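The structure appears below as structure tokens.
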Amino acid sequence: KPSGLLSIESDSEKTNTAYRLLTDYVQQKEKKARVFVVHRIDKDTSGVMMVSKNEELKNRLQDKWNDLVTDRKYIAICEGIFEKKQGTIKQYLKETKTNIMYNSRTPNDGQEAITHYKVIKENSKYSMVDVCIDSGRKNQIRVHMGDLGHKVVGDDKYNSETNPLNRLGLHAYVLEFVHPITNKLMTFKAEIPTIFNSLFSKK
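Numbering follows our numbering, with no gaps: position 180 of the sequence shown is 202.
See below:
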């Protein structure tokens, strides 16, 4: 999914969504065909999202999502230079009435969110961070990077100071899971956007 495209419809946008585009695509071959969104990613995040052409499979995937998914990786472009180049963040995230996620700082008060990160590139202003999440909470990576003092670039919602990519610097590049019917391990990858790497090739 490209950055800027909703996964599913919202109150303000009903037609320009990944769900609608995929539905139109499968119905070119079979008018009654449908797609079912298994999991989605934020509008401004690019990368892998999963849909099913079968409702039963969608339900089986969702019912045991945490057991079936073996790897979810993202690339985040963050502001500044990390002092600690890798680590793990564990917090309990809650949501305000204005849809902003934050760390409640109290166990059992909010949803547990665990993020592992490792800096893989950096320059004088930005860091490219390889992120693996154990939980898929709303805006999890954006909140966790911000709490480390390194907000994801282009993140207006969480008040980042820079936008060198003219988009949110977050890309879901790996989704790996065990198929609930065949038991096969399946891995889907979305190539890292060229613009992400170009930010680090400048002298």
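Cβ atoms here follow ideal geometry from the backbone N, Cα and C, with glycine treated the same way. Source: prediction; values computed, not measured.
Opposing strand residues paired with residue i [DSSP bridges]
i, result
"residue 114", "134"
"residue 152", "97 and 140"
"residue 124", "116"
"residue 208", "199"
"residue 175", "Looking at the DSSP assignment, residue 175 forms no beta bridge with any residue, so it has no partner."
"residue 162", "DSSP output for residue 162 lists no bridge partner at all."
Expected contact under 8 Å - CB spacing of residue i and residue j to nearest Å
i, j, result
"residue 41", "residue 29", "7 Å"
"residue 125", "residue 114", "7 Å"
"residue 48", "residue 75", "7 Å"
CA nearest to the CA of residue i, picked from the options
i, options, result
"residue 88", "149, 103, 99 and 60", "60"
"residue 63", "111, 126 and 163", "163"
"residue 197", "58, 25 and 69", "69"
"residue 72", "52, 49 and 44", "44"
"residue 107", "139, 27 and 214", "139"
"residue 181", "82, 123, 133 and 79", "123"
"residue 146", "103, 195 and 132", "103"
"residue 221", "184, 27 and 171", "184"
"residue 130", "202, 24, 105 and 116", "116"
"residue 218", "82, 209 and 194", "194"
"residue 65", "136, 149 and 176", "176"
Run of the beta strand (DSSP E) containing residue i, from where it starts to where it stops
i, result
"residue 95", "91-101"
First through last residue of the alpha helix (DSSP H) which encompasses residue i
i, result
"residue 193", "Unbroken run through residue 193 is the beta strand (DSSP E), 192-200; no alpha helix (DSSP H)."
Segments of 4+ residues assigned as alpha helix (DSSP H) that fall wholly inside the segment 24-77:
40-49
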